Amino acid sequence: MIIVKTKEEIELMRQSALVVSKTLGMLAKEVKEGVTTNHLDTIAEEFIRDHGALPGFKGLYDCPSTLLCSVNEAVVHGLPTDVPLKDGDIVSIDCGALMNGFYGDHAYTFEIGNVNEATKKLIQTTKESLYVGIKQLKVGNRVGDVGYAIQQYCEAEGYGVVRELVGHGIGRKMHEDPEMPNYGRRGRGKKFIEGMVVAIEPMINMGTHKVKQLKDGWTIVTQDGKPSVHFEHDVAIVDGQPEILSTFAYVHEALGITSNEEDEFRQKALVL
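First residue of the sequence shown: 1, per full-length UniProt numbering; consecutive thereafter.
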């Protein structure tokens, strides 16, 4: 059952999402060669708690960590380790926070040092596909419209769109209805209505769409060992249109990136 949020609840969810956004922005300055994902996890938990929130993942489904850090061929759900990040690696950092009774949950894929051009293109395409999907989140459309848009955009570049893992509704629970696949058929699935809030999160592979789970019971990797990229935003339907609650602006500021990709999905200008 889809749980509709009031505009007041959506504003509370924006606060939860922005705690995650700020955490990712802080981490953007720390993600570098020689740093371990365990270190990133430690400082992320401290940062979230210092901002009046609780880590959204830690303890959820027995998750042992604040962050899920997926390196190179890891798609999602990578557990933090003491293995240092290397030049040329990529790491997708997924983070959640619980504040005001609501969850925020989003993800960004970072480059470490000199990443090859093929992987850079995968990162750029996956990020672009996120906004291609968000455009379809409006009253009257359906779940399949978002999935179709993401799938077509990424498969046109020859990439694999992960099937087994999907986006989701979000609110007082981390995972609510509806499921939000990154593939699908236009005009199919549940219809979007005013006040819905979902996490849209393309997970796109360099090669095959097929994945497997490692023995740790968490980490999902590509079957062919090629890189995978993950981006995620929390998005509400406000006045019939998509309104992004999270932001990559803090990451962009830390990395010196200039971008207006979120502007069309904000009714009010974001104040950092």
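Glycine included, each C-beta is placed from N, C-alpha and C at the ideal position.
Bear in mind the structure is a predicted one, so any value in this text is a computation, not a measurement.
Inset, instruction - On the DSSP bridge assignment, give the partners of G88 in chain order. - result: The residue labelled residue 88 in the question sits at position 88 within the sequence shown. According to DSSP, residue pairing for G88 in a beta bridge does not occur.
Inset, instruction - Per DSSP, which residues does G169 bridge with? Please list them. - result: Counting from 1 along the sequence shown, the entry for residue 169 is found at position 169. DSSP, once it has assigned bridges, lists E176 and V198 as partnering G169.
Legend entry - Inter-stretch contact at 8 angstroms, needing at least 3 Cβ pairs: the segment 44-53 / the segment 251-269: Too few Cβ pairs lie closer than 8 angstroms, so no.
Legend entry - Selection from P178, D105 and E201 that minimises the alpha carbon distance to L67: Taking the first residue of the sequence shown as 1, we reach residue 67 at position 67. It is D105.
Inset, instruction - Compare the C-beta of G52 with all C-beta atoms of chain C and state if any pair is closer than 7 angstroms. - result: This model lacks chain C altogether, as it is built from one protein chain only.
Inset, instruction - Have a look at the DSSP bridge pairing and note the partners of M99. - result: As a first step, residue 99 is located in the sequence shown; it is residue number 99 there, counting from the start. Beta-bridge partners assigned by DSSP to M99: F102.
Legend entry - Beta-bridge pairing of V71 - partner residues as DSSP gives them: Against the sequence shown, residue 71 aligns to sequence position 71. Per the DSSP secondary-structure output, V71 pairs in a beta bridge with V91.
Inset, instruction - Determine the burial state of D239: buried for a count of at least 16 other Cβ atoms within 10 Å of its Cβ, exposed for fewer. - result: In the sequence shown, the residue the question calls residue 239 occupies position 239. Exposed, because fewer than 16 other Cβ atoms sit within 10 Å of the Cβ of D239.
Legend entry - Boundaries (first-last residue) of the alpha helix (DSSP H) holding A249: In the sequence shown, residue 249 corresponds to position 249, counting from 1. From DSSP, the alpha helix (DSSP H) with A249 extends over A249 to L255.
Inset, instruction - Could you check what DSSP says for D234 in three-state terms: helix, strand or coil? - result: If you number the sequence shown from 1, residue 234 lands on position 234. In the three-state DSSP reduction, D234 falls in the strand class (E or B).
Legend entry - C-beta contact flag for I200 and H233 at 7 angstroms: Residue numbering aside, residue 200 sits at position 200 when the sequence shown is read from its first letter. Residue numbering aside, residue 233 sits at position 233 when the sequence shown is read from its first letter. Yes, they are a contact pair.
Legend entry - For I204, the first and last residue of its enclosing beta strand (DSSP E): Here residue 204 refers to the residue found at position 204 when the sequence shown is read from its first residue. M203 to N205 is the extent of the beta strand (DSSP E) around I204.
Legend entry - Cα-Cα separation between A249 and G256, rounded to whole angstroms: On the sequence shown, residue 249 is found 249 positions in, with the first residue counted as 1. On the sequence shown, residue 256 is found 256 positions in, with the first residue counted as 1. When rounded, the distance between both Cα atoms is 10 angstroms.
Legend entry - E243: first and last residue of the uninterrupted alpha helix (DSSP H) it sits in: Taking the first residue of the sequence shown as 1, we reach residue 243 at position 243. For E243, no alpha helix (DSSP H) encloses it; the enclosing beta strand (DSSP E) starts and ends at Q241 to I244.
Inset, instruction - Would you kindly report the start and end of the unbroken alpha helix (DSSP H) that includes T42? - result: To locate residue 42, count along the sequence shown from 1; it is residue 42. Taken as a continuous stretch (DSSP letters only), the alpha helix (DSSP H) holding T42 covers T37 to D50.
Legend entry - Cβ neighbour criterion (16 or more within 10 Å) applied to residue 346: Residue numbering for the chain in the displayed model covers 1 to 272; residue 346 lies beyond these limits and cannot be assessed.
Legend entry - Rounded C-alpha distance that separates I2 from E194: In the sequence shown, residue 2 corresponds to position 2, counting from 1. In the sequence shown, residue 194 corresponds to position 194, counting from 1. Their Cα atoms are separated by approximately 11 angstroms.
Legend entry - Residue environment, E243, which counts as buried when at least 16 other CB atoms sit within 10 Å: The count along the sequence shown starts at 1 and reaches residue 243 at position 243. E243 should be labelled buried.
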